[in-house]
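Have a look at the structure below, then the notes.
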Amino acid sequence: MNIDIAPELTFFVLLAKLGSLSATARELGITPPAVTKRLMLMEQRLGVRLVNRTTRRLSLTSEGESYLAQASQILAGIRDMEESVSSSRATPKGLLRVNATPGFGRTHIAPLISRFAHLYAEVEVQLQLTDRPISLVEEAYDLAIRFGELPDSRLGARKLMANRRFLCASPAYLKQAGYPQTPAELHHHRCILHRQNDDVYGTWRLEKGRQVELVKVRGAVSSNDGDVVLNWALDGHGILVRSEWDLNKYLESGRLQIVLPAYTLPAADLYVYYLSRRQQPARVRAFIDFLAEEFK
């Protein structure tokens, strides 16, 4: 059977990523019926159903999940093979897919990519901003930029910046509610909650020497957006956990004050993480080095 397998693998990985026949058709510049027919021919050839179809979304069958995982690995291997024998390893060129969180990606990573694109005209950069955890292999990203602990120890990583976290509040709130002296007193305060990924919601970990305290807090307002919760703290709605990267200018101006300064919280260091490859594409290496220099 004479099948050009690479385009089929690429097609299926794209379909699984977008989760929609119509979105896949738009991306490929073909009609939805053409996408449906191509998927049907794949399933007929393989003799299994890869996708469960509904009116709105697609979901992968167990066979589809297995096919996706192996297809992603094969395509990554093909890219590695071609890059290892081509001149592109010496000169950064080609497509670079980057993932970052929305707030930080919009305000800091996007401007850096603008400068990088001016330096490397042959590199095409795609920046995707998402809050949720991602899989570099299954979603075909070259690298991701995240605060906090790495999501997968099997990935390569480079630390870009140390970044401590603090409890903070506005002077107006502290004047009205008082300054907590111990973590236990946080129970009696309004706290602003930042919902992030799969973090334990509303539980703060504070350390002082060898003493560790897990404090369950509550408040009237919460959000998954970091800029929103920071503005609520500035407006006097309560106590917030935030990183020094975001707080510095507000601490210097006095608009926010540190609460319980004798206690430390888990750090939120900034990392760029990537697939561990012995022969990394020049565009990936160039961008990682560029980031490291910018954040130095």
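Each residue of the sequence shown is one higher than the one before, counting from 710 in this note's numbering.
Backbone N, C-alpha and C fix where the C-beta goes; we use that ideal spot for every residue, glycine too.
Can you tell me whether ILE1018 is helix, strand or coil according to DSSP?
Outside the shown range of the chain, which is 710 to 1005, sits residue 1018, and nothing can be said about it.
Under 8 angstroms, do TYR982 and ARG855 count as touching if we go by C-beta distance?
Sequence index remark: in the sequence shown, residue 982 carries index 273 (1-based). Sequence index remark: in the sequence shown, residue 855 carries index 146 (1-based). Yes.
Please name the residue, chosen from VAL722, HIS903, GLN837, that lies closest to SER932 on a Cα-to-Cα basis.
Stepping through the sequence shown from its first residue, residue 932 is reached at position 223. It is HIS903.
So for GLU717, helix, strand or coil by DSSP?
Numbered from 1 along the sequence shown, position 8 holds the residue referred to as residue 717. GLU717: helix per DSSP, three-state reduction.
Around the C-beta of GLY887, are 16 or more other C-beta atoms found within 10 angstroms, so that it is buried, or is it exposed?
Taking the first residue of the sequence shown as position 1, residue 887 is located at position 178. Of the other Cβ atoms in all chains shown, fewer than 16 fall within 10 Å of the Cβ of GLY887; this residue is therefore exposed.
Cutting at 7 angstroms between CB atoms, please list the residues of its own chain near VAL722, excluding the five before and the five after it.
Residue 722 sits at position 13 when you count from the first residue of the sequence shown. Result list for VAL722: LEU777, ALA780, SER781, LEU784, ALA849, in chain order.
Consult DSSP for ALA871 and reduce its assignment to one of helix, strand or coil.
For the purposes of this step, residue 871 is taken as residue 162 along the sequence shown, with counting starting at 1. Three-state DSSP puts ALA871 in coil, outside helix and strand.
Report the residue ranges of all beta strand (DSSP E) runs contained in full by the segment 932-994; include only those spanning at least 3 residues, in chain order.
Fully enclosed beta strand (DSSP E) runs of 3 or longer: 949-952, 966-968, 979-983.
THR733: buried (16+ other C-beta within 10 angstroms of its C-beta) or exposed?
Within the sequence shown, residue 733 is the residue found at index 24, counting from 1. Counting the other Cβ atoms within 10 Å of the Cβ of THR733 gives 16 or more, which makes it buried.
Near THR839, which residues of its chain fall below 7 angstroms by C-beta distance, leaving aside the five closest residues on each side in sequence?
Within the sequence shown, numbered from 1, the residue matching residue 839 stands at position 130. Contacts found: ASN808.
Using a 10 Å radius around the Cβ and a threshold of 16 neighbouring Cβ atoms, would you call GLN920 buried or exposed?
Position 211 of the sequence shown holds residue 920. By the neighbour-count rule (16 or more Cβ atoms within 10 Å), GLN920 is not buried but exposed.
First and last residue of the alpha helix (DSSP H) that includes GLN890?
Here residue 890 corresponds to residue number 181 of the sequence shown, with the count starting at 1. Taken as a continuous stretch (DSSP letters only), GLN890 belongs to no alpha helix (DSSP H), as it is neither H nor E.
Which one of GLY945, LEU804, VAL924 has the shortest CA to CA distance from PRO880?
Translated into positions along the sequence shown, residue 880 becomes position 171. Out of GLY945, LEU804, VAL924, GLY945 has the C-alpha closest to the C-alpha of PRO880.
Helix, strand or coil for SER731 per DSSP?
Looking up residue 731 in the sequence shown gives position 22. Correct three-state label for SER731: helix.
My understanding is that ILE701 touches CYS877, with C-beta atoms under 8 angstroms, so please give their C-beta distance in whole angstroms.
Nothing in the structure corresponds to residue 701, since the chain is present only between 710 and 1005.
Among LEU949, GLY918, GLU916, which one has its Cα closest to the Cα of PRO929?
As a working note, residue 929 is residue 220 in the sequence shown. The amino acid at residue 929 is misidentified as Pro; the sequence shows Ala. Among LEU949, GLY918, GLU916, the Cα nearest to that of ALA929 is on LEU949.
How close, in whole Å, do the beta carbons of VAL926 and LEU895 come, if the pair is a contact with beta carbons under 8 angstroms?
For the purposes of this step, residue 926 is taken as residue 217 along the sequence shown, with counting starting at 1. For the purposes of this step, residue 895 is taken as residue 186 along the sequence shown, with counting starting at 1. Sure, about 5 angstroms apart at Cβ, within 8 angstroms.
Compute the distance between the beta-carbons of ILE997 and LEU852, then report whether it is under 8 angstroms.
Indexing the sequence shown from 1 puts residue 997 at position 288. Indexing the sequence shown from 1 puts residue 852 at position 143. The criterion of a C-beta distance shorter than 8 angstroms is satisfied by ILE997 and LEU852.
In three-state terms, what does DSSP make of THR912?
What you label residue 912 is simply residue 203 of the sequence shown in a count that begins at 1. DSSP places THR912 within a strand segment (E or B) once states are collapsed to three.
Applying the criterion that 16 or more other CB atoms from any shown protein chain within 10 Å of the CB defines a buried residue, is GLN714 buried or exposed?
As a first step, residue 714 must be located in the sequence shown, where it is residue number 5. With the sequence shown as reference, residue 714 is identified as Ile, and Gln is not the correct amino acid for it. Flag for ILE714 reads exposed.
Report the residue from GLY812, GLU833, ALA826, TYR829 whose alpha carbon sits nearest the alpha carbon of ARG841.
Looking up residue 841 in the sequence shown gives position 132. Checking every option, the nearest Cα to that of ARG841 belongs to GLY812.
Three-state secondary structure (DSSP) at ARG806?
Within the sequence shown, numbered from 1, the residue matching residue 806 stands at position 97. Of the three classes helix, strand and coil, the one that applies to ARG806 here is strand, per DSSP.
Taking the Cβ atom as the reference point for each residue, do VAL834 and ILE818 lie within a distance shorter than 8 angstroms?
For the purposes of this step, residue 834 is taken as the residue at position 125 of the sequence shown. For the purposes of this step, residue 818 is taken as the residue at position 109 of the sequence shown. Here VAL834 is not near ILE818, since their CB atoms are 8 angstroms or more apart.
Where DSSP assigns a beta bridge to VAL760, which residues make up the other side?
By one-based count along the sequence shown, residue 760 stands at place 51. Looking at the DSSP output, VAL760 sits in a beta bridge with LEU769.
Can you give me the Cβ contacts of GLU916 inside the same chain, cut-off strictly under 7 angstroms, excluding the 5 residues immediately before and after it?
Counting from one through the sequence shown, the residue named residue 916 turns up at place 207. Counting only Cβ-Cβ distances below 7 angstroms, and skipping sequence neighbours, we find TYR972, THR973.
Along the chain, where does the alpha helix (DSSP H) containing GLU752 start, and where does it finish?
Walking along the sequence shown from the start, residue 752 turns up at place 43. Start and end: 741-755.
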